[in-house]
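Order-wise, the sequence lines are chains A and B. Going by numbering that gives the first Met the number 0, the letters in the first sequence line up with residues 0 to 302, in that order. Going by numbering that gives the first Met the number 0, the letters in the second sequence line up with residues 0 to 213, in that order. Notes to accompany the following structure.
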Amino acid sequence: MTALRIEGLGVRFRLHGAAVQALSDINLQVRRGELLAVVGESGCGKSVLAHALLGLLPRNAQVTGHAYLGEDLDLLHCGEQRLAREVRGRRLGLIPQSPATALNPVRTGRRLLAETLRAHGRDPGLAAEVAADAGLDDADLDRYPFQLSGGMAQRLTTALALATDPPLLIADEPTTGLDRPLVDHTLDLLRRRCDAGGTVLLITHDLAAAQRVADTVAVMYASRIAEHRPARDVFGAPAHPYTAALLDALPNWAFTPIPGHPPMLTALPPGCAFAPRCPRRTDACGVQPGGPVACHHPLVAAA
Amino acid sequence: MSLVAHGVTAGYRGLTVLRDASFGVAAGETVGLRGPSGCGKSTLVRVLALLHAPDAGHVSLGGVVVSGVRHRVSAALRTRVGVLFQSPRAASDPRLRLADLIAEPLHATGHARAHTRARVAELADRVGLTADLLTRRPHEVSDGQLQRACLARALVHRPAYLLCDEATTMLDASTQAHVAAVIAQEQRRHGTGVLVVSHDAVLLDRWADRVETW
Ligand SMILES: Nc1ncnc2c1ncn2[C@@H]1O[C@H](COP(=O)(O)OP(=O)(O)OP(=O)(O)O)[C@@H](O)[C@H]1O
Ligand code: SF4
Ligand SMILES: [Mg+2]
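Shown next, in the form of structure tokens:
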């Protein structure tokens with residue numbers, strides 16, 4: 000069963016005179032029980048994707064396309080009221096990036112959790128249990144957000160999102176600032192949600208994290224999906240030259256940055272946006288490629 | 000030449016986080032520091048950066064004992080230590096355009112406009128910020144783009160020491176490798192002493208000359 004179906008999603012921001020094309024023609028399908036990891040270079044549009052689905056984009060955003068939650072509900076066209084009443088935190092949860100700015104500064108973690116549980120008709124007494132799931136010690140719940148280290152704040156935001164137990168969870172960089180054991184703890188928690196029938200869209204820049212838990216991986220580049228394939232194929236035999244270059248930048252690989260810079264989203268080229276940095280480009284690349292591997296000369300033939 | 004914490008005890012209102020900790024970075028070296036979450040690595044960085052006064056012990060810079068936190072020491076001392084934090088959003092003034100964010104430390108020490116403009120352009124180019132990004136404010140750019148601006152800002156006075164607290168944790172692989180390359184280049188050219196705090200053992204093995212584990 001399909002949990003989420005995104006069709007032709009585009010997002011544009013108007014900005015003093017210019018327009019930023021943050022997402023272009025995104026097509027994705029996530030099945031129930033699937034963990035989809037969205038990875039890509041900084042600024043390629045990953046968080047905008049999360050915010051578009053949740054209706055959290057700022058006013059200067061223009062959104063096109065469709066995003067169906069379950070069979071019926073089009074998140075992009077159902078209106079703010081329905082999103083607020085039925086969707087956010089209920090059918091669709093978010094672990095936001097930058098936890099430090101997402102937490103109410105005048106409430107302790109325990110109080111924030113209890114309030115969230117109560118608001119969703121759950122027992123506020125579950126606070127300690129939900130916190131423990133997220134890897135947070137009971138004693139740390141009595142601190143105020145400003146007393147938390149970056150990693151603790153991250154775990155508290157995770158606990159807050161889990162408190163509402165949404166069938167589809169978007170986790171936007173949920174492991175930032177955690178040490179490796181806690182990273183693995185959080186990732187395994189997301190994996191278990193999927194194994195129990197939940198669905199997770201994991202947005203991460205951490206390729207090792209995606210490799211550990213994802214069923215499928217969507218690699219984004221300059222507002223588009225470059226490659227969307229099963230995780231083991233993406234890591235075992237990357238098909239898109241951008242994916243291969245990104246893997247090469249890892250410290251346990253070549254630790255070499257991709258030469259050049261991503262294009263400005265205010266002036267995307269007409270054809271393949273990776274062309275100026277791509278060793279395989281030919282004249283054919285002046286035309287926008289499409290499909291699960293958006294490349295005219297993939298490194299392996301995609302199944 | 001080195002930046003050293005000598006027997007530092009530090010904490011927050013009754014909670015002691017560092018107890019009699021000593022740690023140093025010498026000019027021209029890259030030291031890695033790793034340790035479990037909450038063990039006080041960030042507090043050490045804040046003490047070395049003169050952002051947090053120790054309760055006991057002291058910091059010395061090139062053999063000279065520094066007393067007092069950042070705003071109380073002379074500009075000549077302050078500008079010798081640059082810091083890069085994990086969350087660029089928490090560290091940036093949301094009202095400033097990226098160009099001004101980078102230039103601000105120069106304004107504070109009174110540099111001519113032409114010099115400031117040229118320095119901002121040079122650093123923006125080195126960290127990989129395109130011209131259209133420089134006119135935007137923090138909420139109009141991604142975390143990775145903002146972190147590049149923070150790196151440019153940290154380098155604007157060509158500090159003798161650069162302290163990076165989980166500074167690449169939230170960056171994608173290519174941006175991380177790029178930031179590391181920019182810092183390594185700065186170090187080769189100017190003999191900068193670099194401290195890299197990270198949970199990522201693989202990254203530290205690859206980047207640092209030596210690694211301490213707490
Ligand atoms: N402003 C503050 N007020 C009170 N306690 C604080 C404050 N900042 C940090 N702490 C506490 O100090 C301890 C160490 O914090 P610090 O940020 O130095 O650790 P860390 O090793 O960098 O942790 P992490 O890797 O999780 O970020 C933690 O217990 C934290 O809760
Ligand atoms: S379409 Fe062409 S330029 Fe783009 S990634 Fe493929 S080979 Fe490279
Ligand atoms: Mg820290």
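For each residue, glycine too, the CB sits at the ideal point set by N, CA and C.
Rounded straight-line distance, which links the Cα of residue j to that of residue i
{"i": "alanine 4/B", "j": "valine 193/B", "result": "14 Å"}
{"i": "arginine 187/B", "j": "glycine 27/B", "result": "7 Å"}
{"i": "aspartate 141/A", "j": "glutamate 128/A", "result": "14 Å"}
{"i": "isoleucine 202/A", "j": "valine 38/A", "result": "6 Å"}
{"i": "glycine 23/B", "j": "leucine 2/B", "result": "6 Å"}
{"i": "arginine 110/A", "j": "serine 148/A", "result": "18 Å"}
{"i": "arginine 112/B", "j": "arginine 157/B", "result": "18 Å"}
{"i": "glutamine 146/B", "j": "alanine 89/B", "result": "11 Å"}
{"i": "arginine 73/A", "j": "glutamate 6/A", "result": "Before going further, note that residue 73/A is aspartate rather than arginine in the sequence given. Rounded to whole angstroms, aspartate 73/A to glutamate 6/A spans 10 Å at the Cα level."}
{"i": "leucine 155/A", "j": "aspartate 122/A", "result": "18 Å"}
{"i": "leucine 246/A", "j": "cysteine 277/A", "result": "14 Å"}
{"i": "aspartate 171/B", "j": "asparagine 251/A", "result": "14 Å"}
{"i": "leucine 91/A", "j": "tyrosine 67/A", "result": "12 Å"}
{"i": "tryptophan 213/B", "j": "proline 237/A", "result": "37 Å"}
{"i": "alanine 55/B", "j": "phenylalanine 84/B", "result": "24 Å"}
{"i": "glycine 109/B", "j": "arginine 116/B", "result": "13 Å"}
{"i": "proline 57/A", "j": "glutamate 79/A", "result": "13 Å"}
{"i": "alanine 18/A", "j": "glycine 44/A", "result": "14 Å"}
{"i": "leucine 122/B", "j": "glutamate 85/A", "result": "47 Å"}
{"i": "alanine 36/A", "j": "valine 72/B", "result": "47 Å"}
{"i": "alanine 118/A", "j": "glycine 10/B", "result": "36 Å"}
{"i": "alanine 243/A", "j": "proline 229/A", "result": "15 Å"}
{"i": "glutamate 165/B", "j": "alanine 21/A", "result": "27 Å"}
{"i": "histidine 114/B", "j": "alanine 138/A", "result": "52 Å"}
Identity of the residue in the options nearest residue i by Cα
{"i": "valine 16/B", "options": "Gly23/B, Ser36/B and Thr29/B", "result": "Ser36/B"}
{"i": "arginine 205/B", "options": "Phe22/B, Gly143/B, Thr29/B and Arg69/B", "result": "Thr29/B"}
{"i": "leucine 249/A", "options": "Ala208/A, Ser222/A, Asp214/A and Val216/A", "result": "Ala208/A"}
{"i": "valine 181/B", "options": "His198/B, Asp124/B and Arg209/B", "result": "Asp124/B"}
{"i": "isoleucine 169/A", "options": "Leu34/A, Ala130/A and Ala274/A", "result": "Leu34/A"}
{"i": "threonine 115/A", "options": "Leu161/A, Gly150/A and Met151/A", "result": "Leu161/A"}
{"i": "histidine 239/A", "options": "Asp24/A, Arg30/A, Arg179/A and Gly289/A", "result": "Gly289/A"}
{"i": "glycine 127/B", "options": "Arg116/B, Ala166/B, Arg33/B and Cys149/B", "result": "Cys149/B"}
{"i": "alanine 126/A", "options": "Asp282/A, Asp183/A and Thr157/A", "result": "Thr157/A"}
{"i": "leucine 75/A", "options": "His65/A, Ala83/A, Gln28/A and Arg231/A", "result": "His65/A"}
{"i": "valine 7/B", "options": "Asp92/B, Arg45/B, Leu162/B and Leu202/B", "result": "Arg45/B"}
{"i": "arginine 231/A", "options": "Gln210/A, Ala274/A, Val299/A and Asp139/A", "result": "Gln210/A"}
{"i": "threonine 78/B", "options": "Leu60/B, Val178/B, Ser86/B and Ser91/B", "result": "Leu60/B"}
{"i": "serine 21/B", "options": "Ser197/B, Gly39/B, Arg12/B and Leu50/B", "result": "Gly39/B"}
{"i": "glutamine 153/A", "options": "Ser86/B, Leu50/B, Gly34/B and Arg18/B", "result": "Ser86/B"}
{"i": "methionine 151/A", "options": "Ser23/A, Leu3/A, Pro173/A and Gly259/A", "result": "Pro173/A"}
{"i": "valine 233/A", "options": "Gly134/A, Leu48/A, Pro297/A and Asp164/A", "result": "Pro297/A"}
{"i": "alanine 2/A", "options": "Pro291/A, Tyr220/A and Gln28/A", "result": "Gln28/A"}
{"i": "aspartate 187/A", "options": "Val212/A, Thr175/A and Asn103/A", "result": "Val212/A"}
Simplified DSSP assignment, three categories, for residue i
{"i": "glutamate 6/A", "result": "strand"}
{"i": "glutamine 184/B", "result": "helix"}
{"i": "histidine 65/A", "result": "strand"}
{"i": "proline 261/A", "result": "coil"}
{"i": "cysteine 43/A", "result": "coil"}
{"i": "alanine 234/B", "result": "With chain B running from 0 to 213 in the structure shown, residue 234/B is simply not present."}
{"i": "tyrosine 11/B", "result": "strand"}
{"i": "threonine 42/B", "result": "helix"}
{"i": "histidine 177/B", "result": "helix"}
{"i": "threonine 191/B", "result": "coil"}
{"i": "valine 16/B", "result": "strand"}
{"i": "leucine 168/A", "result": "strand"}
{"i": "tyrosine 241/A", "result": "helix"}
{"i": "threonine 185/A", "result": "helix"}
{"i": "valine 216/A", "result": "strand"}
{"i": "leucine 140/A", "result": "helix"}
{"i": "histidine 305/A", "result": "Absent from the model: residue 305/A. The displayed extent of chain A is 0 to 302, so no value can be given."}
{"i": "glutamate 33/A", "result": "coil"}
{"i": "aspartate 73/A", "result": "strand"}
{"i": "glycine 31/B", "result": "strand"}
{"i": "phenylalanine 273/A", "result": "coil"}
Chain B contacts made by the segment 8-41 of chain A, where a contact means CB separation under 9 Å: Taking 9 Å as the Cβ-Cβ cut-off, the segment 8-41 of chain A approaches chain B at Phe12, Leu14, His15, Ala17, Val19, Val38, Gly39, Glu40 and Ser41, given in chain order.
Pocket of ligand 2 (residues with CB nearer than 5 Å to any heavy atom), chain order: Pro240/A, Cys271/A, Phe273/A, Ala274/A, Cys277/A, Arg279/A, Arg280/A, Cys284/A, Pro288/A, Cys294/A, His295/A and His296/A
Contacting positions in the segment 242-259 of chain A - beta carbon closer than 8 Å to chain B: Ala244, Leu245, Leu246, Ala248, Leu249, Pro250, Asn251, Phe254, Thr255, Pro256 and Ile257
Chain B contacts from the segment 117-149 of chain A (Cβ-Cβ distance under 8 Å): Gln146, Ser148 and Gly149
Residues in the segment 159-185 of chain A having any Cβ partner in chain B nearer than 7 Å: Answer set for the segment 159-185 of chain A: Glu172, Thr175, Gly176, Leu177, Asp178, Arg179 and Leu181.
Proximal residues, the segment 218-243 of chain A versus chain B, C-beta separation under 8 Å: none
Cβ-based contacts, 7 Å cut-off: residues of the segment 192-208 of chain A near chain B: Within the segment 192-208 of chain A, those residues whose Cβ lies closer than 7 Å to any Cβ of chain B are, in chain order, His204 and Leu206.
Where the segment 61-90 of chain B meets chain A: residues whose CB sits under 8 Å from a CB there: Residues passing the 8 Å Cβ filter: Gln85, Ser86, Arg88 and Ala89.
The segment 142-174 of chain B: positions lying closer than 7 Å to chain A by Cβ: Asp142, Gly143, Gln144, Glu165, Thr168, Met169, Leu170, Asp171, Ala172, Ser173 and Thr174
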